[in-house]
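Using my numbering, the letters of the sequence shown map in sequence onto residues 1 to 197. Every residue gets a Cβ at the ideal spot worked out from N, C-alpha and C, and that includes glycine.
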Amino acid sequence: MQLAYVFLGYFLGSMLFGYRITWLLKGVDIRKLAEDENPGTYNAFVFGGFWCGILTLLADMGKGYLPVILYRQNYSTEELIFALVMASPVFGHAFSIFHGRKGGKGIAVSFGVLLALFPIWKPVLLLAFFYILFSVVFKIRSHRRRSIVTFGCFCVGCLSLVPIPAILLGCVLISCIVIYKHHLMEEKSNESANLIL
């Protein structure tokens, strides 16, 4: 029965709300407009405007939050399967079953998952801290590189700050998924640039 929450997370994660919301409200396919073809929150703001962006942000965070909070209401976060419950919405968003294994980068979904851990605040505060650090203080201009460094530091930080093994493993899995997805998108961007040259 616990495995059902993993499938629920992947199913919800696979729903690319950035694509759906901008298509319904603006009649545009952000995957075709965006250079990185990412149907996520950032591109929903850029190509759909404020309300498309806000709705996408809330929906993407919600699909990370829902399976985790439902699992926590019925089972212990001490069991290792909880790590898969945490990672499944992020994996679904990055590799959507409904969009040919293509998807977004998983940042907003990751925050939704981590918010569902309340009252355990350290993981979400740690991720927010590193995003602010590398966006404002030590600016990394490339969004892809900033996200890779952020999730790398988040992963390392969790090793010392998160004592519950299942939650720690979930944070590590989320970091690996997001870093890998950003790496894939960077490779794709480089290939496109080489084709143009």
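Problem set entry | Residue environment, residue 107, which counts as buried when at least 16 other CB atoms sit within 10 Å | With 16 or more other Cβ atoms within 10 Å, it is buried.
Exercise. CA-CA distance, residue 31 and residue 54?
Worked result: 18 Å
Exercise. How about the segment 107-118 and the segment 56-63: do they share at least three Cβ pairs that are nearer than 8 Å?
Worked result: yes
Exercise. According to the Cβ coordinates, are residue 167 and residue 117 closer than 9 Å?
Worked result: yes
Problem set entry | Validate contact between the segment 79-99 and the segment 172-179 using beta carbons, cut 8 Å, 3 pairs | yes
For this session: Identify whether residue 128 lies in helix, strand or coil by the three-state DSSP scheme.
Result: helix
For this session: Would you kindly work out how many angstroms separate the C-alpha atoms of residue 197 and residue 36, rounded to a whole number?
Result: Confidence at residue 197 is low in this model, with a pLDDT of 49, below 50, so the placement of that residue is unreliable and no value is reported for it.
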